[in-house]
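Structure first, commentary second.
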Amino acid sequence: MILKKDSFQLGAVLGFIGPMIGILIFKWAKLKLLSFKEAFQYMYLEPGHKTLTVALSLALLANAVLFTFYINAQKDKTAKGIFIVTCIYGLLVLGLKTFG
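Residue numbers (this note's numbering): 94 to 193.
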């Protein structure tokens with residue numbers, strides 16, 4: 094019944110969890126041979142954080158899917174929560190790309 098609920102808090106939680114799942118999928122698809130710890134150390138310690146910013150940017154696509162689903166279901170409060178968290182993630186990725 095979580096898909097029928099319309100609340101900002103639900104959207105914020107989904108907006109936070111979506112990219113985490115996206116990062117895990119990226120790790121599984123591109124860095125299979127590394128353990129989770131090694132993969133995240135590699136992404137963080139790589140000069141310029143190129144792989145990390147790519148992973149985070151692609152992970153934000155998970156939120157785009159969630160946002161589209163909730164907009165089409167006319168659950169505007171939930172979509173608003175997803176959108177705001179996505180904007181925060183986007184600013185963090187932009188900051189990491191610019192200043193990292």
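Where is the CB? At the ideal position from N, CA and C, for every residue including glycine.
Since we're looking at a predicted model, the values are computed, not measured.
For this session: Please confirm if the segment 131-144 is in contact with the segment 177-188, defined as three or more CB-CB distances below 8 Å between the two stretches.
Result: no
Exercise. Which residues in the same chain as isoleucine 116 place their Cβ atom closer than 8 Å to its Cβ, once the five residues preceding and following it in sequence are excluded?
Worked result: Here residue 116 is taken as the residue at index 23 of the sequence shown, counted from 1. Counting only Cβ-Cβ distances below 8 Å, and skipping sequence neighbours, we find Ala148, Leu149, Ala152.
Problem set entry | Alpha-carbon to alpha-carbon, alanine 166 and alanine 172 | Here residue 172 refers to the residue found at position 79 when the sequence shown is read from its first residue. Here residue 166 refers to the residue found at position 73 when the sequence shown is read from its first residue. Approximately 9 Å, taken between the alpha carbons.
Problem set entry | Reduced DSSP category for alanine 122 - H, G, I as helix; E, B as strand; rest coil | Here the question's residue 122 lines up with position 29 in the sequence shown. Reduced to three states, the DSSP call for alanine 122 is helix.
For this session: Report the rounded CA-to-CA distance for phenylalanine 160 versus serine 128, giving the unit in angstroms.
Result: By one-based count along the sequence shown, residue 160 stands at place 67. By one-based count along the sequence shown, residue 128 stands at place 35. If I take the Cα positions, the gap works out to 31 Å.
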